[in-house]
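**Q**
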């Protein structure tokens, strides 16, 4: 049983490859954070090592070990594994030592399963040296070894690595798919499932984590409160916030991208309120606040700032100077009342 939700095309392609025994030696799963890339990678690992006639069964010893992250032949390489024991701090890139350790492990036969599977989570975070080291491995495939690279920022990966992987894109899910999954898997009531589906931006992983823990919703509230404070503040406060975001971007790109995505959805909601379409807004639980704030801006101001946020996101993906990008964005933030 495949645990992946909504990615029918990607699942079908992998199933066909398994049935025909025509697997690629390396895959690249591309999609936004929390859309299901890791779930699909683990599903593939289960299918490759499942003991049942129709893999993955999810019940055999192999599938259960993989689900519990206790299978000797399945390894995840990510930032958490790059922790510097001397300085006891998390690094900002996947280093060459991690890739070299992976290379050594890949050179050995599987220990308890049929295939070794190496999942590189956040492949775009590999250092230049680590990426070059991985490239050599991809150029010389090893039998019974599969590499799966996961990325939310394909542009940051070297073209040479992309060209040596079979690429599978995982698009955001529809709100209906997420609402159905929440209702069936977590027994979430319709109103809450509807709200979480809207807020998830098509990413089931975010919605599931919000069901189990209120932290994502609390974080959203804090970020929106900061946004509202900045929109009401003076120029100095805006530039201070731009500097904070730029510093944060150097430590955690994904978090700043999430903040700007939240801004984008907030200003889109303002546009929908102004256009008389409140039923389409994302932040449905904050409709009263949105309605109140919408009166502070013209349609043109809202539209122009949405364009500015979109431009900033593109520029950050292209490795533009984050402080400059965010300061320009703050300059384009319209003032309340005009």
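Residue numbers (the working numbering): 336 to 673.
Cβ atoms here follow ideal geometry from the backbone N, Cα and C, with glycine treated the same way.
Between 550, 407, 449, 456, which has its C-alpha nearest residue 416's C-alpha?
**A** The residue labelled residue 416 in the question sits at position 81 within the chain shown. Checked all of 550, 407, 449, 456; the closest Cα to residue 416 is 456.
**Q** Examine the Cβ distances between the stretch 378–395 and the stretch 495–515 and report whether three or more of them are shorter than 8 Å.
**A** No, the stretch 378–395 is not in contact with the stretch 495–515.
**Q** Would you report the Cα separation of residue 634 and residue 409, rounded to the nearest angstrom?
**A** Translated into positions along the chain shown, residue 634 becomes position 299. Translated into positions along the chain shown, residue 409 becomes position 74. Roughly 52 Å between the two C-alpha positions.
**Q** Any contact of the stretch 452–468 with the stretch 424–443, i.e. 3+ C-beta pairs under 8 Å?
**A** Yes: at least three Cβ pairs fall under 8 Å.
**Q** If we count the other Cβ atoms within 10 Å of its Cβ and call it buried at 16 or more, is residue 588 buried or exposed?
**A** What you label residue 588 is simply residue 253 of the chain shown in a count that begins at 1. Under this definition residue 588 is a buried residue.
**Q** Could you say if the stretch 564–571 and the stretch 527–541 meet the contact criterion of at least three C-beta pairs nearer than 8 Å?
**A** No contact exists between the stretch 564–571 and the stretch 527–541.
**Q** What does a CB cutoff of less than 8 Å around residue 511 pick up in its chain, not counting 5 residues either side in sequence?
**A** Locating residue 511 in the chain shown gives position 176, where the first residue counts as 1. Counting only Cβ-Cβ distances below 8 Å, and skipping sequence neighbours, we find 532.
**Q** Less than 7 Å between C-beta atoms, sequence neighbours within five positions excluded: which residues of the same chain meet that for residue 528?
**A** In the chain shown, counting from the first residue as 1, residue 528 sits at position 193. Excluding residues within five positions, the ones whose Cβ falls inside 7 Å are 514, 517, 518.
**Q** Reducing DSSP to helix, strand and coil, say where residue 421 ends up.
**A** Within the chain shown, numbered from 1, the residue matching residue 421 stands at position 86. In this predicted model, residue 421 has a pLDDT of only 45, less than 50, meaning its place in the structure is not dependable enough to derive any value.
**Q** Please classify residue 356: does DSSP put it in a helix, a strand, or coil?
**A** In the chain shown, counting from the first residue as 1, residue 356 sits at position 21. Coil.
**Q** Mapping DSSP to helix, strand and coil, what is residue 671?
**A** Walking along the chain shown from the start, residue 671 turns up at place 336. DSSP places residue 671 in coil when its eight states are reduced to three.
**Q** Within this structure, are the beta carbons of residue 443 and residue 426 separated by less than 8 Å?
**A** Within the chain shown, the letter at position 108 stands for residue 443. Within the chain shown, the letter at position 91 stands for residue 426. Cβ distance not < 8 Å, so residue 443 and residue 426 don't count as in contact.
**Q** Pick out the complete alpha helix (DSSP H) segments inside the stretch 500–561, 4 residues or longer, and give them in chain order.
**A** Fully enclosed alpha helix (DSSP H) runs of 4 or longer: 510–521, 525–534, 539–547.
**Q** Would residue 530 and residue 620 qualify as a contact pair, given that the criterion is a beta-carbon distance under 8 Å?
**A** Your numbering for residue 530 matches position 195 in the chain shown. Your numbering for residue 620 matches position 285 in the chain shown. Result yes, Cβ atoms of residue 530 and residue 620 sit closer than 8 Å.
**Q** So residue 486 is in the beta strand (DSSP E); what residue range does that whole segment cover?
**A** Start at 1 with the first residue of the chain shown, and residue 486 comes out as number 151. Residues 480–486.
**Q** So what's residue 608 in DSSP terms, helix, strand or just coil?
**A** In the chain shown, the residue the question calls residue 608 occupies position 273. Three-state result, residue 608: helix.
**Q** Is it the case that the stretch 351–364 contacts the stretch 481–491, given that we only count it when at least three CB pairs across the two stretches are under 8 Å?
**A** Output reads yes: the stretch 351–364 touches the stretch 481–491.
**Q** Keeping to the same chain, check which residues put their C-beta closer than 7 Å to that of residue 504; ignore five residues upstream and five downstream.
**A** Translated into the one-based positions of the chain shown, residue 504 becomes position 169. So the qualifying residues of the chain are 365, 366.
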